[in-house]
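K.L.:
Protein chains in written order, with the numbering used here: chain A, -7 to 503; chain B, 4 to 466. Where is the CB? At the ideal position from N, CA and C, for every residue including glycine. Please find one structure pasted underneath; my questions will follow.
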Amino acid sequence: MYRQALWDEPLVFEASRKGAVGYLPPSLEEEIKQAGARALSRIPRGMLREELPLPELSELEVIRHYTRLSQMNYSISTGFYPLGSCTMKYNPVVNNELAALDEIALLHPAQPEETVQGALELLYRLEKALCEITGMDRFSFAPAAGAHGELAGCLIMRAYHAERGEERSKIIVPDSAHGTNPATAAMSGYEVVVVGTDSEGGVDVKELEKLVDEKTAGLMLTNPNTLGLFEKDIERIVEIMHDAGALLYYDGANLNAIAGVVRPGDMGFDIVHLNLHKTFSTPHGGGGPGAGPVGVVSRLEKYLPPPLVVYDEKTGRYRLDYDRPSSIGRIKMYHGNFAVLVRAYAYILSMGGEGLRRAALNAVVASNYLLAKMRRARGVSLPYGAARPRKHEFVLSLSRLRRETGVRALDVAKRLLDYGFHAPTIYFPLIVDEAFMVEPTESESKNELDRFAEAFERIIAESYENPEMVRGAPYSTSVGRVNEARASHPKTMTPTWRVYRKRAIELGVEK
Amino acid sequence: MGQTGYRHPYIANSTQETLEEMLRELGVGDVWELYSDVPRKYILEKPPAIEGPLSEQEVQAHVRSMLSRNKTARQLKLFIGGGVWPHYIPAAVREVISRSEFLTSYTPYQPEASQGMLTALFEYQSLVAELYDVDVVNSSMYDWATAVGEAFRMAHRYNGRKKIIVPRFISPERLAVAETYVKPLGLEIVSVRQDEHGRIDEEELKHLADRDTAAIYVENPAYLGFIVENITAAGEIAHDVGSLFIVGAEPTSLGILKPPGSYGADIIVGEGQPLGLPMNFGGPLMGILGCRHEQRLVHAMPGRLIGMTEDIRGERRAFTMVLQAREQHIRREKATSNICTNQALCAVAVAAYLALLGKSGLRSLAEHILAKTAYMIERLSKINNIQVPLFDAPHYMEFTYRMRGVKAKALLNKLLQHGIVGGIDVSSMHDSLNGAVLTCVTEVHSREDLEAYARAVESLGVG
């Protein structure tokens, strides 16, 4: 069995010792100090800070604290992380080494162009590769994450229709879509219209035909979708949208199933965002930073958020193009998450076209292999197109298990942690009852997949034999099941140490 | 699947034997059967024609060689800020965020297995809350600019009003991003004058502020480095018309300057990069966003929030993501924002940085930067034909100057010939800034660096 580290680790505020310090800036020459004193005396007293209630710790105490915390954190380096729709593949360590180079770290984004030619060349080449992989014509690297790329994409739809003098108010998203799709469409000022899923797990084409009209700006689609199924009617879907003058947006979260195999551009998509922290292996950092470059076909190029990277043949130099009058405008400072983009470029170099294609095929084989083993388990079903092959991920329903044992998908997920595996994505997509969404990626060996399937089978057996035990899981993680209700209740919600302190004082627990 | 013998270090089952064994188990003869539902015409006959594959050793050489064409702070003296600033990063910060347990984890959807990340993010929120003197801070936005855009949207969500007032000398990039963010809501952004001291024109602000004003936003220190001495008055004017007061502050300055929460900020924003993140050619950065602890305001907040709770047995303290019902994965089109992946690892770096410097370290750093800024201004002011600073106010970390009769662009080009990146040409911001350069001084600049800068400027005056 697995046993996660458990430290009784105080917060930095609790560990604080008066007078300790973990880092000090260099001391100042006397004349600089005096200039400082003069400046300080010029600042009105009322503008100066009195209290600075930060903790005080030595350097070792800080290192030890965060090292211990890291040991209480599950990661790809720790074990298998089959989180559906998140593509938790191996993050090659060489890419981290490159991203940490001084040539990146010590480069200011507003330096003169002639001093940043290496960085611009890298962006230029990365753009070329992404265009080739997706079938798009141009990319902007400004978006910091997938949802940020979606925002750029939806604003591009707005700008495109507006310039054509058309007022289109609706964006269609499937009921299986990632939550970011409807959230982004709404944030961009659109009304969200939901299209259902047919029994085979694809967009309900008949319903789509009825929903689309002259007010429809576009459709946001993930293909393969979040059920792990390829939208087999994609030709018809594209035709319906384009006939109505609407645009097609490709959510790149699931690109790992088809990278190097099928191109969104060839299917007829007009706008694409890529999650470089998924398909292109950059580490997710516990929730970012990622990168979500947005790409378009040539007729939409002028709307891309600046800057774009341009190669000037005359001077032989790369430059940044900010002068883009039809653009949707700036969506972020500077040119995107460069240190993440470097890692993605290095990954692409390591893989080449054939490597990307083989990674996709292997991810799909791994997914179907694991599915074949897991669907045999009692209480488990595979909703939507049960006979169809899945792509990089699949979604089981544990509905029957719940009916027969009272054990929910949540409980099985928590119990998996005890076996040393991260849980799959659960309760998503919303159209599957007791959803259990597994994405193994090409990084995991057959042995690891076998071990995971065995653990799953054992948990199912445990659920029938001893459901109470499973419902109480996990037991091997640094804390047991967390009280989520208390965490978000208005009376007990504690977002910071100072709120905790204030409440403790109010309650008379502490002074 | 092509020739046998293909192997790749990142593909676990790349050998033909293993693959065939797995396919046999599936009852599938050929891997392409798994793509049988994909219209044939879309399947590429050949893999895409891109660079690679290269071995790890070759990737190293290739990328390093390309990047060696960059000229960094190792070869140039960088006196440039404006949104990303050169700072020293303690080695311990890099050590902390190199831990692969942090680096290679996903968003902590399973709190029981992710207490390390959740605790670190809770500490980030708590440390920044102390620094800005507010009770609630989310676990990060993409950068200061997007945080401003989201803060404006948050204000509108809170009070339904449609006007935002900003100072004239706001960062043009932050303003541009914010405009993109609020455009779909139809919000109007208007600007208020600042005088030669950088003070907000209170009369004009009173005139502009009305019952349709969602928020008044002020930056302190300002984008141009001056300290806005009457910022408190701006807050009072905002509150007089029942609108929100949003304050943007560069975080190291709060080692000496009064924190925004103490003078009435309802929402605070800022950039985390100065607190332990490399410049990285502009990214990743990290947006700070926080607010007062009022339930309705907190519920209008974008982004992830970590909270302290306990296990269900009530035996151990635990941390988890809270108020997720505001977020896209639960609320979908009714979410407060679409943000999902944020800048979590950067927030851990900021937590480690603030824990290292602590009370006295951050104060020393701020005093250090204030002193060097003042020294540099005094040193430059001895040069003929220079006007420095352009605002008669105390400055922190950045300041503006001009050389009479020399265009900012020409000045910066000349400095570059001396190996100096002298700042940002801000002359297009406003008529009063004709010829102006925005220059940045931090703890990374030695007295010799400052002297070299001054000499280079001096040599222009002579020529």
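Any beta-carbon of chain B closer than 8 Å to the one on D190/A?
P.N.:
On the first sequence, residue 190/A is found 198 positions in, with the first residue counted as 1. Not closer than 8 Å to any Cβ of chain B, the Cβ of D190/A fails to qualify, so no.
K.L.:
Could you give the residue range of the beta strand (DSSP E) that holds L211/A?
P.N.:
Taking the first sequence and counting its residues from 1, one reaches residue 211/A at position 219. 208 to 213 is the span of the beta strand (DSSP E), which, as asked, contains L211/A.
K.L.:
By Cβ distance, which residues of its chain are closer than 7 Å to S168/A, with the 5 residues on each side in sequence left out?
P.N.:
In the first sequence, counting from the first residue as 1, residue 168/A sits at position 176. The answer, listed in chain order, is T189, N217, T218, L219, P421, I423.
K.L.:
Quick check on DSSP: helix, strand or coil for T189/A?
P.N.:
On the first sequence, residue 189/A is found 197 positions in, with the first residue counted as 1. The answer is strand: DSSP assigns T189/A an E or B state.
K.L.:
For G257/A, which residues of its own chain have a beta-carbon under 7 Å away from its beta-carbon, when the five flanking residues on both sides are left out?
P.N.:
Residue numbering aside, residue 257/A sits at position 265 when the first sequence is read from its first letter. If we look at G257/A and ignore the five residues flanking it on each side, its Cβ neighbours are T126, G127, M128, V289.
K.L.:
To be precise: take each residue of the segment 296 to 330 of chain A, compare its Cβ to all Cβ atoms of chain B, and keep it if any distance is under 7 Å. Which residues remain?
P.N.:
Listed in sequence order: I320, G321, R322, I323, K324, M325, Y326, H327, G328, N329, F330.
K.L.:
When the cut-off is 8 Å and only beta carbons count, does V195/B lie next to chain A?
P.N.:
For the purposes of this step, residue 195/B is identified with residue 192 of the second sequence, where counting begins at 1. No - not a single Cβ of chain A is within 8 Å of the one on V195/B.
K.L.:
Please compile the residues from chain B whose C-beta is within a distance smaller than 8 Å of the C-beta of S389/A.
P.N.:
Working through the first sequence from its first residue, we reach residue 389/A at position 397. Within 8 Å Cβ-Cβ: nothing; S389/A doesn't reach chain B, min ~19 Å.
K.L.:
Count the other CB atoms, across all protein chains shown, that sit within 10 Å of the CB of R335/B; report buried if there are 16 or more and exposed otherwise.
P.N.:
For the purposes of this step, residue 335/B is identified with residue 332 of the second sequence, where counting begins at 1. With 16 or more other Cβ atoms within 10 Å, it is buried.
K.L.:
Evaluate the contact criterion for the segment 299 to 311 of chain A versus the segment 138 to 152 of chain A: three or more CB pairs, one atom per stretch, below 8 Å.
P.N.:
Touching, no.
K.L.:
Decide if R350/A is buried, meaning its Cβ has at least 16 other Cβ atoms within 10 Å, or exposed.
P.N.:
Residue mapping note: residue 350/A aligns to position 358 of the first sequence, counting from 1. The residue is buried, with at least 16 neighbouring Cβ atoms inside 10 Å.
K.L.:
Alpha carbon to alpha carbon, how far is M4/B from K49/B?
P.N.:
Translated into the one-based positions of the second sequence, residue 4/B becomes position 1. Translated into the one-based positions of the second sequence, residue 49/B becomes position 46. Residue confidence for M4/B is low, a pLDDT of 47 falling below 50, so the modelled location carries little weight and cannot support an answer.
K.L.:
8 Å is my cut-off, CB to CB: does V86/A come that close to chain B?
P.N.:
Against the first sequence, residue 86/A aligns to sequence position 94. It does: the Cβ of V86/A has a partner Cβ on chain B nearer than 8 Å.
K.L.:
Taking only beta-carbon atoms, is D403/A less than 8 Å away from chain B?
P.N.:
Within the first sequence, numbered from 1, the residue matching residue 403/A stands at position 411. No, D403/A does not count as interfacial toward chain B.
K.L.:
Going by the DSSP bridge assignment, what does K166/B pair with across the sheet?
P.N.:
As a first step, residue 166/B is located in the second sequence; it is residue number 163 there, counting from the start. K166/B is bridged to E191/B, T216/B.
K.L.:
If I measure Cβ to Cβ from E370/B and keep anything under 8 Å in the same chain, skipping five residues before and after, which residues do I get?
P.N.:
What you label residue 370/B is simply residue 367 of the second sequence in a count that begins at 1. For E370/B, where only same-chain residues beyond five positions count, the Cβ hits under 8 Å are G258, I259.
K.L.:
Using the rule of at least 16 other Cβ atoms within 10 Å of the residue's Cβ for burial, across every protein chain shown, is H234/A buried or exposed?
P.N.:
On the first sequence, residue 234/A is found 242 positions in, with the first residue counted as 1. The residue in question, H234/A, is exposed, as its Cβ has fewer than 16 Cβ neighbours within 10 Å.
K.L.:
Residues in the segment 283 to 297 of chain B with C-beta within 7 Å of chain A's C-beta atoms, listed in sequence order?
P.N.:
Residues passing the 7 Å Cβ filter: N283, F284, G285, G286, P287, L288, H296.
K.L.:
Roughly how many angstroms lie between the CA atoms of E440/A and Y411/A, to the nearest whole one?
P.N.:
In the first sequence, the residue the question calls residue 440/A occupies position 448. In the first sequence, the residue the question calls residue 411/A occupies position 419. Answer to the nearest angstrom: the Cα atoms are 12 Å apart.
K.L.:
Where do the ends of the beta strand (DSSP E) carrying A321/B lie?
P.N.:
Position 318 of the second sequence, counting from 1, holds the residue named residue 321/B. Element bounds for A321/B: 320 to 324.
K.L.:
Closer than 9 Å, Cβ to any Cβ of chain A: which residues of the segment 311 to 333 of chain B, in chain order?
P.N.:
Here the close residues are M311, T312, E313, D314, I315, R316, G317, E318, R319, R320, A321, F322, T323, M324, V325, L326, Q327, A328, E330, Q331, H332, I333.
K.L.:
Could you name the residues of the same chain whose beta carbon sits closer than 7 Å to that of I92/B, not counting the 5 residues immediately before and after it, in chain order?
P.N.:
Numbered from its first residue, the second sequence carries residue 92/B at position 89. Excluding sequence neighbours, I92/B sits near G279, P281.
K.L.:
Mind the definition here: the segment 344 to 360 of chain A touches the segment 432 to 450 of chain A only if three or more C-beta pairs lie below 8 Å; say whether that holds.
P.N.:
These segments touch.
K.L.:
Under the rule that 16 or more other beta-carbon atoms within 10 Å means buried, what is S449/B, buried or exposed?
P.N.:
For the purposes of this step, residue 449/B is identified with residue 446 of the second sequence, where counting begins at 1. It counts as exposed.
K.L.:
Quick one: complete alpha helix (DSSP H) runs, 4+ long, within the segment 114 to 170 of chain A?
P.N.:
Within the segment 114 to 170 of chain A, the complete alpha helix (DSSP H) runs of at least 4 residues are 138 to 155.
K.L.:
Using a beta-carbon distance below 8 Å, is L40/A in contact with chain B?
P.N.:
Counting from one through the first sequence, the residue named residue 40/A turns up at place 48. Yes, L40/A counts as interfacial toward chain B.
K.L.:
Quick one: give me the first and last residue of the beta strand (DSSP E) that H296/B is part of.
P.N.:
As a working note, residue 296/B is residue 293 in the second sequence. First-last for H296/B: undefined, no H or E at that position.
K.L.:
Could you work out which residues of chain B lie near V471/A, taking near to mean beta carbons separated by less than 7 Å?
P.N.:
Taking the first sequence and counting its residues from 1, the one referred to as residue 471/A is at position 479. Here the neighbours are E115, Q118, D314, R319, A321.
K.L.:
For V184/A, name the three-state secondary structure that DSSP assigns.
P.N.:
Start at 1 with the first residue of the first sequence, and residue 184/A comes out as number 192. Strand, per DSSP.
K.L.:
Please report the distance separating the alpha-carbon of E206/B from that of P263/B.
P.N.:
Walking along the second sequence from the start, residue 206/B turns up at place 203. Walking along the second sequence from the start, residue 263/B turns up at place 260. Approximately 22 Å between the Cα atoms of the pair.
K.L.:
How is Q60/B classed by DSSP in three states: helix, strand or coil?
P.N.:
Working through the second sequence from its first residue, we reach residue 60/B at position 57. Reduced to three states, the DSSP call for Q60/B is helix.
K.L.:
What residues in its chain sit with their C-beta under 7 Å from that of G466/B, if we drop five residues either side in the sequence?
P.N.:
The residue given as residue 466/B occupies position 463 in the second sequence. Because G466/B carries a pLDDT of 48, less than 50, the predicted location of this residue cannot be relied on, and no value is offered for it.
K.L.:
Going along chain B in order, which residues have a C-beta closer than 7 Å to the C-beta of D258/A?
P.N.:
In the first sequence, counting from the first residue as 1, residue 258/A sits at position 266. Near D258/A (Cβ distances below 7 Å), the residues of chain B are Y45.
K.L.:
Pull out every residue of the segment 11 to 26 of chain B whose Cβ sits closer than 9 Å to any Cβ of chain A, in chain order.
P.N.:
Per Cβ criterion, the list reads H11, P12, Y13, I14, A15, N16, S17, T21, L22, E24, M25, L26.
K.L.:
For T376/B, which residues of its own chain have a beta-carbon under 8 Å away from its beta-carbon, when the five flanking residues on both sides are left out?
P.N.:
Reading the second sequence from its first residue, position 373 is the one you call residue 376/B. The residues are G228, H398, Y399, M400, E401, F402, V444.
K.L.:
For a cutoff of 8 Å on Cβ pairs, would you count L398/A as touching chain B?
P.N.:
Working through the first sequence from its first residue, we reach residue 398/A at position 406. It should be noted that the sequence gives Gly, not Leu, for residue 398/A. So, not an interface residue.
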